[in-house]
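Asks: My structure is below; once you've seen it, I'll send some questions.
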Amino acid sequence: VKSWHCCKLRSGAMAGRAMVFALVAELVFKQSAASPIEVTLAAYGGADAITNRLFIAGATAFQLDFQKNYNSSLSQRFGPPIINIPNLSQQLRLQLLLGNSDSKPQTGVRTALDFMLGNGGLPKVHGLIGGG
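Here the sequence shown is numbered in my numbering, starting from 33 and rising by one per residue.
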């Protein structure tokens, strides 16, 4: 899977970010393959104690909802996906990494570079969403 260019979101709730994830998954990674297609995305932004919890909860909810598109046992247990992605490759597997910029440009750039370069034992990401 080839890398794609970064999206930067200046504001908006996790629902907006989830839509970006879904569109990326549908438009960029819609393909068929015999073995799983591993895609790693990273999301980061400025976070304090309260927004950090909401950010993590939203990202976790998105990941679970995304998996319901291809994992029938999750769909049976939690209901159909909120964001339905038609024609999604059943081989696509999404890993989502979360990071924090502390609302400081230096920290944000360092976090983004760590994600893109795979520094500190992190896997290299295929896409980066965030900023601020």
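The C-beta atom is built at its ideal place from N, Cα and C for all residues, glycine as well.
If you scan the stretch 71-125 from start to end, which runs of the alpha helix (DSSP H) of 4 or more residues do you find wholly inside it?
Replies: 81-99 and 104-110
Asks: Would you mind giving the Cβ-Cβ distance between Tyr76 and Gly159, rounded to the nearest angstrom? I have them listed as a contact below 8 angstroms.
Replies: To locate residue 76, count along the sequence shown from 1; it is residue 44. To locate residue 159, count along the sequence shown from 1; it is residue 127. Actually they are not in contact, since the Cβ atoms of Tyr76 and Gly159 sit about 12 angstroms apart, beyond 8 angstroms.
Asks: Which word fits Lys156, buried or exposed, when buried means at least 16 other C-beta atoms lie within 10 angstroms of its C-beta?
Replies: For this step, residue 156 is matched to residue 124 along the sequence shown. Exposed, since its Cβ has fewer than 16 Cβ neighbours within 10 Å.
Asks: Using DSSP's beta-bridge definition, name the partner residues of Gln127.
Replies: Reading the sequence shown from its first residue, position 95 is the one you call residue 127. Partner(s): Thr72.
Asks: Take Asn119 as the anchor and find which of Asn101, Ser107, Gln108 and Ser105 has the nearest alpha-carbon.
Replies: Taking the sequence shown and counting its residues from 1, one reaches residue 119 at position 87. Nearest of Asn101, Ser107, Gln108 and Ser105 to Asn119, Cα basis: Asn101.
Asks: The beta strand (DSSP E) spanning Gln154 covers which residue range?
Replies: Locating residue 154 in the sequence shown gives position 122, counting from the first residue. In the sequence as presented, Gln is not what sits at residue 154; that position holds Leu. Segment: none, Leu154 is in no beta strand (DSSP E) and carries neither H nor E.
Asks: I'd like to check one pair, Gln99 with Leu129: are the Cβ atoms closer than 9 angstroms?
Replies: Your numbering for residue 129 matches position 97 in the sequence shown. Your numbering for residue 99 matches position 67 in the sequence shown. Going by C-beta atoms, Leu129 is not nearer than 9 angstroms to Gln99.
Asks: Label Leu73 either buried or exposed according to how many other C-beta atoms from any shown protein chain fall within 10 Å of its C-beta, with 16 as the threshold for buried.
Replies: Counting from one through the sequence shown, the residue named residue 73 turns up at place 41. The residue in question, Leu73, is buried, as its Cβ has 16 or more Cβ neighbours within 10 Å.
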